[in-house]
Amino acid sequence: MEPSPEPSEHKEEEDEEWEVESYDEPDEFELLEPIEKLDYEQELSSAPFQVEHHGVLQNGLTYYVKKNSIPKDIILVNLIVKAGAVCEEENERGVAHIIEHLVLEGYGYTNSDATEYLKAFKHQCGAHQQAKTYWDHTSYNFSVTNTEDLRKALALTAAISRELVVTSDELEKEKLIVIDELWHGSQIVEKQHSRIFSAQLYQGTKYAEPLGGTEKNVRDLSVDIVKGFYLKWYVPNNMAVIVVGDVTETQIARLRVHGIEENELSEGRVYWLRIAGAEYRNRLDHSSEELQNNYTRHFNYRECDLCPKLQAQLIVALTKSINLEKMKSFCELQCKASNLSVIILQSKNFVTQEDMKGSLQKITDLEKEGSLAQWSDEEVEGSNNLILEMEPESG
Ligand SMILES: [Zn+2]
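So for the sequence shown, the working numbering puts the first residue at -2; every next one is plus one.
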């Protein structure tokens, strides 16, 4: 795009930026060889790129291990079970999700190994676990910061894949938690949208059904159904363990012992200033979406939308003024359990399938009438007026 004519001071800045960003020599991207020279047989071999250890154990379990230092000092352990909501038969709907709960968080889940390991995790600030059921797989994720926790996470993945012990009392208790979760999910407008969208788009397939089933589906599940699904799908040749991360230093433990150190703080300052600098240099390149988000935050939360120059000056001054003492007293002041809160946001307007059909119909009608103008730079102003004239509706 041609730079638009602007006052001279402004133009100079623009020119400087272009100079910094332009390349004198062709870089490695521009020097890529044409694809015709590739040896497809070799390039499309089955192992993922640069994975260090990858294979299948004798029992059928697939594994991937890769050392990686971004982010530093974090190791991710992931158990993937290739079974999700689409594997459920009609009488099994919701079972994949409830098994994910029973395996990890179930009240009274009696697999002593798993409960023990989880208890150990919950008391350490460095380790986190979470699980999620998808349409075609279920994922158990652990994030650890040292080799001791890594061992525990691996042992836990083994426990998950070995056995599921569940009584009908335990199942009934877990159903209530899952039903509660389904209800909360149903209150989120984005989820309502995607559910309605999926119901239309994937009509006649299992993808059109609500993920996790309905309240009735969950209530109808029995111990036999749960166990049957687990035994059918939680088998080694249907699972993979993925370990990716950095094992060199135990950052969290060091923080606990020594607190934040001077060199760490100065690295943090440099990082902040770099981000602020990049933001300032690109201040004229905001996309419409970014601007729209700014104005939304301004409206919703009365968030300031300062002039970029003042904003940058403030960031520089404030970042430089942060010292260890201030950090320490701030942490002491803020890091208390009584200072934590949970915020749940929801819209009061519900969107129904009828609403969505109505909106689509309106657009179709406009199209048929031929009253949808073609997009062009000159007409943008006019089409904005058209939008503003339409009554706002829920959703
Ligand atoms: Zn859940």
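The C-beta atom is built at its ideal place from N, Cα and C for all residues, glycine as well. Predicted model only: the values in this text are computed from it and were never measured.
Per-residue DSSP class, three states only, for residue i
i      : result
Val48  : coil
Lys69  : coil
Ala128 : strand
Val232 : coil
Val163 : coil
Glu89  : helix
Arg401 : With the chain covering only -2 through 392, there is no way to say anything about residue 401.
Ile94  : Position check: residue 94 holds His in this sequence, whereas Ile was assumed. In the structure shown, His94 sits in a helix (DSSP, three-state: H, G or I).
Gln200 : coil
Pro305 : helix
Asp217 : coil
Asp24  : coil
Thr211 : coil
Residues bridged to residue i [DSSP beta-bridge criterion]
i     : result
Asn75 : Asn138 and Ile239
Lys63 : Val241
Val53 : Thr59
Close beta carbons around residue i, own chain, < 8 Å, minus the five adjacent residues each side
i      : result
Gly81  : Ala93, Thr130, Tyr131, Trp132, Asp133, His134 and Thr135
Ile95  : Leu168, Glu171, Lys172, Val175, Val215, Leu218 and Val223
Tyr199 : Ala205
C-alpha distance - residue i paired with residue j, whole-angstrom precision
i      : j      : result
Phe296 : Ser140 : 37 Å
Ile157 : Pro233 : 11 Å
Leu99  : Asn214 : 16 Å
Glu212 : Lys172 : 9 Å
Thr164 : Thr59  : 30 Å
Asp362 : Val240 : 53 Å
Ser285 : Asp302 : 15 Å
Leu270 : Asp282 : 19 Å
Gln184 : Ala273 : 37 Å
Glu366 : Gln197 : 25 Å
Met324 : Gly182 : 38 Å
Tyr292 : Glu87  : 46 Å
Lys203 : Ser191 : 15 Å
Pro31  : Glu40  : 14 Å
Sequence-distant residues of its chain with Cβ nearer than 6 Å to residue i (five each side left out)
i      : result
Ala150 : Val74, Phe139 and Val141
Ile67  : none
Leu101 : Ala128
Cβ-based burial, residue i [other Cβ within 10 Å; buried from 16]
i      : result
Phe46  : exposed
Cys304 : exposed
Arg294 : exposed
Phe226 : buried
Thr154 : buried
Arg90  : buried
Gly355 : exposed
Gln55  : exposed
Neighbourhood of residue i by C-beta distance below 7 Å, restricted to the same chain and skipping five residues each side
i      : result
Ala44  : His51
Trp230 : Val78, Ala80 and Cys84
Glu97  : Ala128, Thr130 and Thr135
Ala309 : Ala273 and Tyr277
Asn65  : Val241, Gly242 and Asp243
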